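Trainee:
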Amino acid sequence: MRKLVIISLLLVLGYYLLDTFAGAEFGKDRKVLSNYYLEKSPSELQVANAVTAIVVNFRGFDTLGEVTVLFLAATGMGTILLRRRSKHTGLNPQRTSPEASKIVQAAGKLLFPAIMILGAYVFIHGHLTPGGGFQGGAIIATGFLLLLISYRQFKVEHKYVTWIESLAGLTFVSIGLLGIVLGPHNSFLENFLNVGTLNELTSGGVIALVYIAVGFKVAAELTGILDTLVNIRETGDID
Amino acid sequence: MVANPILYIALPLFTAFLVPLLAKLWKPLVRIIPGLVLAYLAVMSVVLMQQVGPDKPIITMIAGWKAPWGINLVFTSFSGFIASLISILAFFIWLYSFKFKKVEFDDAQKYFILFMLLTAGSIGVVLTGDIFNMFVFVEITSLSAYALTAFYKGRDGAEAAFKFLLIGSFSSIMLLLGITILYAYTGTLNMAQLAMLMPQVPMHAKIVSFLLFFVALGIEAEMFPLNGWAPDAYSQAPGPIAASFAGILAKAGIYALIRVSYTIFDLGNDGGFELLLVMGLITMVVSELVAMRQENLRRMLAYSSMGQMGLIMIAFGLGTKEGIYAGLFIMFNHAVIKSLLFLASAYLVYYTSRKKISDLDGFGKLLPLTSLLFGLGAFAIVGLPPFSGFWSKLSLLIATADNHMEFVLATILAVSVIEIIYYFRVLGRLYFRKANTEIKVRKPTWNSVVTMISLAIVIIAVGLHPDLITGLLHNAANTLADKAGYIQKIIPDLFSQTLN
Amino acid sequence: MDTITLLLLFFSLIVMIGAAVYAAIMKDLIFATIGTSLISLALSVIFYLLHAPDVALTEAAIGVALSTIVFIIAIRNTKRYEDEK
Amino acid sequence: MNQILTYSVYGAAILTMLIGIFAILTKKNLIKIVIGMSIMDSGFNLLLIALGYIKGGTAPIFSPAVEGKDVIMVDPVPQALVLTAIVIGFGVTAVALSLVIRLYRKHNTIKIDEIKTLRW
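Protein chains in written order, with our numbering: chain A, 11 to 249; chain B, 55 to 554; chain C, 173 to 257; chain D, 202 to 321.
(1) Looking at the structure shown, is A:Asn102 part of a helix, part of a strand, or coil, going by DSSP?
(2) Would you call B:Trp581 buried or exposed, if buried means 16 or more other Cβ atoms sit within 10 Å of its Cβ?
(3) Around the C-beta of B:Ala515, are 16 or more other C-beta atoms found within 10 angstroms, so that it is buried, or is it exposed?
(4) If the cut is a Cβ gap below 8 Å, which residues of chain A does B:Glu193 touch?
(5) For A:Gly100, count neighbouring C-beta atoms within 10 Å of its own C-beta (all shown protein chains included) and say buried if the count is 16 or more, exposed if not.
(6) Do we get a CB-CB distance below 9 Å when we pair D:Leu248 with the residues of chain C?
(7) Going by the C-beta, is A:Val77 closer than 8 Å to any heavy atom of the ligand COA?
(8) Are the C-beta atoms of A:Gly162 and some chain B residue less than 9 Å apart?
(9) Between the region 117 to 148 of chain A and chain C, which residues of the former have CB atoms less than 8 Å from a CB of the latter, in chain order?
(10) In chain order, what residues of the region 281 to 297 of chain D put their CB closer than 7 Å to some CB of chain A?
(11) Curious, which full-length beta strand (DSSP E) runs of at least 3 residues does the region 188 to 220 of chain A contain?
(12) Chain A beta carbons: is any one of them nearer than 9 Å to that of C:Ala196?
(13) By the 10 Å Cβ neighbour count, where 16 or more other Cβ atoms means buried, how is B:Asp286 classified, buried or exposed?
(14) Report all residues from its chain with a CB closer than 6 Å to the CB of B:Ser359; omit the five preceding and five following residues, and keep chain order.
(15) Once DSSP output is grouped into helix, strand and coil, what is the label at B:Phe129?
(16) Does the beta-carbon of B:Val390 have 16 or more other beta-carbons within 10 angstroms, so that it is buried, or is it exposed?
(17) Identify every residue that forms a DSSP beta bridge with B:Thr182.
(18) Report the three-state DSSP secondary structure of B:Trp80 (helix, strand or coil).
(19) If we count the other Cβ atoms within 10 Å of its Cβ and call it buried at 16 or more, is A:Gly147 buried or exposed?
(20) Among residues of its own chain, excluding the 5 on either side of B:Gly183, which ones have a beta-carbon nearer than 8 Å to its beta-carbon?
(21) Where do the N-terminal and C-terminal ends of the beta strand (DSSP E) with B:Thr114 fall, by residue?
(22) Would you call the region 222 to 229 of chain B in contact with the region 263 to 283 of chain B, where contact means no fewer than 3 C-beta pairs closer than 8 Å?
(23) Specify the secondary structure class of B:Ile366 as computed by DSSP and reduced to three states.
(24) Taking Cβ-Cβ distances shorter than 9 Å, what residues in chain D pair up with A:Pro52?
(25) Could you check what DSSP says for A:Thr139 in three-state terms: helix, strand or coil?
(26) Where does C:Tyr253 fall in DSSP's three states?
(27) Would you identify the three-state DSSP class for B:Asp456, choosing helix, strand or coil?
(28) Where do the ends of the alpha helix (DSSP H) carrying A:Thr30 lie?
(29) What number of angstroms, rounded off, separates the C-alpha of A:Glu244 from the C-alpha of C:Ile197?
(30) Tell me whether D:Asp271 sits in a helix, a strand or coil according to DSSP, three-state version.
(31) Which residues, in chain order, does the region 113 to 140 of chain B contribute to contact with chain A at a C-beta distance below 8 Å?
(32) Give me the subset of the region 231 to 255 of chain D whose CB atoms are less than 8 Å from a CB atom of chain B, sorted by chain position.
(33) Residues in its own chain within less than 7 Å of D:Val272 by CB, not counting five upstream and five downstream?
(34) In the structure shown, what three-state DSSP assignment does C:Lys199 receive?
(35) Am I right that B:Tyr401 and B:Leu421 are in contact with their C-beta atoms under 8 Å? What's the rounded C-beta distance?
(36) Counting only the same chain and skipping the five closest in sequence on each side, list residues whose C-beta sits under 6 Å from that of B:Leu83.
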């Protein structure tokens, strides 16, 4: 009975939403904002990937917020889950999961460097090809995930994760603040470097730098989140 | 550079990323640095408030792109007033929790980072001129609120946080849907341009997206029946965090609701304001009635807080300049007084696990100063002279009377009586009952005493001299009511194009 | 859009809805999680077809890989079956 | 044809969202609820990307292949927004799951009706 009520309510909601969105036809051109971005991205910023230009420059403030959300998620999970680090076993509390098979371990070892290189490539070329800081960072985190699940003894050094995370975040905000000092309009996150020419690795000015910082930060944060989850004690109360 | 609205967000974020490194140098820095940042923001608010005027808002570009193309921060008399309120209150709450001895170092570090980001996110919601950016800041605020609600392990914090997260995820999907509909029909995300292009949006799309916004932000603003998260979150979070939920989080929520219904949608005269008014009335009546039946002090304060939010919605639902003025006044009072009540109550129920009101017998003698301050807060919140709460309630009553809404007026008065009953029940227990013999009390530390007394001084000073703040409130109310002015200040080029 | 793209688009949409229903009704949470990762996989194909390669990459990395593993870790730390006491 | 496309793509996205919401509202298992949240987010992401699609458009990348040619590009703004939404959704999911783990440690169950303090 309750389910029926919910289903009918949801159908009403769905009808109104579909009706509203059908008014904005699929595949139709909607101009105002995007045309400006599509025009300015290659001409003024010399960034080939317009999505990157929007994510890092036009709406770079959103990206700063987004990175903060991930940072908050990592910090928040720390407060929610970990109370005491078990001191006697060191950093890696009792992981009772069975060791992965030799094949998985060997594949993990082989794939890890390749994944790292792919991830780094993706975020270094974020302004030229599809991809960027988030995608590259996530790819790198999957590399660490591979090692975490194939080797029981493998541990991510919290110290390095914290350092990389903090330094990358500081780089992002500092580049933003430098924009206030050096940028032509004295505004936050503004480009103050030479933009170069379209489709070259050095194009885009600070955009490339910011996306690399984002890549490092996202990689460190996601790895931290995974490590927190993989290494929670499997038995016993948290308190 | 020295006083730039962008620093409200950039500085806390910078510090949040820096603090984990500083912790390796010298541990007390973890507590001190966030406080210094919040102090700087509070001082900056005062400086900016002197620069801003009704005709000259401070508009900050980000990444060097002008308003409709890039994200911008808009510091007007209205948004600046709320942002200043939040930043100053945040500093006081930091001062209160500065000597947070109850928890270990690792947790203290996370506590201060989360609190600072809660503040930064709320100020971001208030200042941003871009609707999607507002969503990002709402998410920052809510994520830090979830983590802070689950902060203590001994209590039922995780349950409260999960409820909060569940409702919050509905809120965010509805907010996103509302934003998407607006983008689909106008092709822009800038609030001023949205407001300008709103007439070309078909009516049904307008109504659907307005309702989505209304529900999503109603959750943040503790509107009934969407406020199931609030009593649990308030009662399970650490004391200072409960105070900041009332003073900071709820203020950002109601601000967003007002900004959306006043500036973006021109549904005001087509039932938008009536909806706000009716929902405010229901919220107020239900919450206050429930508050009367609470046994738990924190939950009682939480329901009372929702009742006040209902009062604010009523004030803004009137749709007149006087209503806005009254609403802003209540927002100010609620932020200050409710914080004082929550902060004082944290010491009153420090050692009792169930936080029952009946455990408070005779605390007037055991904790004289804290009880006195709590009593002062209770007198102020129910609206007795000579405290600041009196003036705000009076201005609301006048505004309703001007609108010839006798029913609303009578309801507000009746609800005030209920409020008086349940607050005085607590005060009666504090002062006219004998204390249990073997009761442990916690003496407040000097920093929390300083915090509470400063808040009390604000309450008394505004109560005796309302002129201290009425000027600011009038400016803020005029700015909010002037929608065309908002559009014109932010996107002057596009605005003049449409006129020609 | 040419016919092959259209067919692929419809196929992915159907897979996505099927996977969503599967994830919603499956009592075994591990299988339900595989359902969500299938949603993300179909979604990233759709994103690619709709000319959003950036989003397709993100959805593939976060939705298919990371989110799934986070769910599986959570399930390993709790109970595997929906109705299990 | 366009009409069919409009309704099928938007319809599929909204249907996925509704399935997610349905799972959140009716399921008693906490992890199932979080799965519902993730389904709901997926549906929304498709909706927004579909909104940005332009008929005959190409990906919004000015690679050497399209340089100098007059091409229509799909709207890049929704793509940027979805990028943000995906990452935020992942953060919320991770926090939700860690809350679930903590609730399980405390109550030894993840069924919503067996945890008294979770009812409202």
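Each residue gets a CB set at the ideal place from its N, CA and C atoms; glycine is no exception.
Since the structure is predicted, the reported quantities are computational estimates derived from the model, not experimental observations.
Mentor: On the basis of the supplied data:
(1) Below a pLDDT of 50, predicted positions are generally treated as unreliable, and A:Asn102, at 46, falls in that range; the measurement from the model is reported next regardless. The three-state secondary structure of A:Asn102, taken from DSSP, is coil.
(2) Because residue 581 of chain B is not part of the residues shown, which for chain B are 55 to 554, the question remains open.
(3) Residue environment analysis places B:Ala515 among the exposed positions, since fewer than 16 neighbouring C-beta atoms fall within 10 angstroms of its C-beta.
(4) Neighbours of B:Glu193 across chain A, judged by C-beta separation under 8 Å: Gly75, Val79.
(5) With a pLDDT of 40 at A:Gly100, under the threshold of 50, the predicted position of this residue should be treated as unreliable, though the coordinate-derived value follows. Classification for A:Gly100: exposed.
(6) Not closer than 9 Å to any Cβ of chain C, the Cβ of D:Leu248 fails to qualify, so no.
(7) This structure lacks the ligand COA; in fact it carries no ligand of any kind.
(8) Here residue 162 of chain A is Arg; the residue named in the question, Gly, does not match the sequence. Under the 9 Å criterion on CB atoms, A:Arg162 is classed as non-interfacial with respect to chain B.
(9) Answer in chain order: Val132, Pro140, Gly141, Gly142, Phe144, Gln145, Ala148.
(10) Here the close residues are Ala281, Leu284, Thr285, Val288, Ile289, Gly292, Ala295, Val296.
(11) Taking 3 residues as the shortest admissible run, the region 188 to 220 of chain A contains no complete beta strand (DSSP E) segment at all.
(12) Against chain A, the CB of C:Ala196 has no partner CB under 9 Å away; the residue lies outside that interface.
(13) Buried.
(14) Excluding sequence neighbours, B:Ser359 sits near Ala300, Lys392.
(15) In this structure, DSSP gives B:Phe129 an extended state, which the three-state scheme calls strand.
(16) Buried, since its Cβ has 16 or more Cβ neighbours within 10 Å.
(17) BP columns for B:Thr182 point to B:Leu127.
(18) The answer is coil: DSSP assigns B:Trp80 none of H, G, I, E or B.
(19) A:Gly147 is classed as buried because its beta carbon has at least 16 other beta carbons within 10 Å across all chains shown.
(20) For B:Gly183, the CB contacts under 8 Å within the same chain, skipping 5 residues up- and downstream, are Ile113, Ala121, Ile125, Asn126, Leu127, Val128, Asn244, Met245, Ala246, Ile544 in chain order.
(21) Looking at the DSSP string, the run of the beta strand (DSSP E) that includes B:Thr114 is 112 to 115.
(22) The region 222 to 229 of chain B, when compared against the region 263 to 283 of chain B, does touch it at the 8 Å Cβ threshold.
(23) B:Ile366: helix per DSSP, three-state reduction.
(24) Phe263, Glu268, listed in chain order.
(25) Reduced to three states, the DSSP call for A:Thr139 is coil.
(26) Note: C:Tyr253 maps to strand in three-state DSSP.
(27) Secondary structure of B:Asp456 (DSSP, three-state): helix.
(28) Bounds of the alpha helix (DSSP H) holding A:Thr30 are 12 to 33.
(29) Its pLDDT being 49, under 50, A:Glu244 is placed unreliably in this model, and the coordinates cannot settle the point.
(30) Coil.
(31) If the cut-off is 8 Å between Cβ atoms, the region 113 to 140 of chain B has Thr114, Met115, Ile116, Ala117, Gly118, Trp119, Pro122, Trp123, Gly124, Ile125 near chain A.
(32) Within the region 231 to 255 of chain D, the residues whose Cβ lies closer than 8 Å to any Cβ of chain B are, in chain order, Leu231, Ile234, Met238, Met241, Asp242, Phe245, Leu248, Leu249, Leu252.
(33) Correct list, in chain order: Thr259.
(34) Coil.
(35) Between B:Leu421 and B:Tyr401 the Cβ distance is about 6 Å, and since that is below 8 Å, they are a contact.
(36) Counting only Cβ-Cβ distances below 6 Å, and skipping sequence neighbours, we find Leu76.
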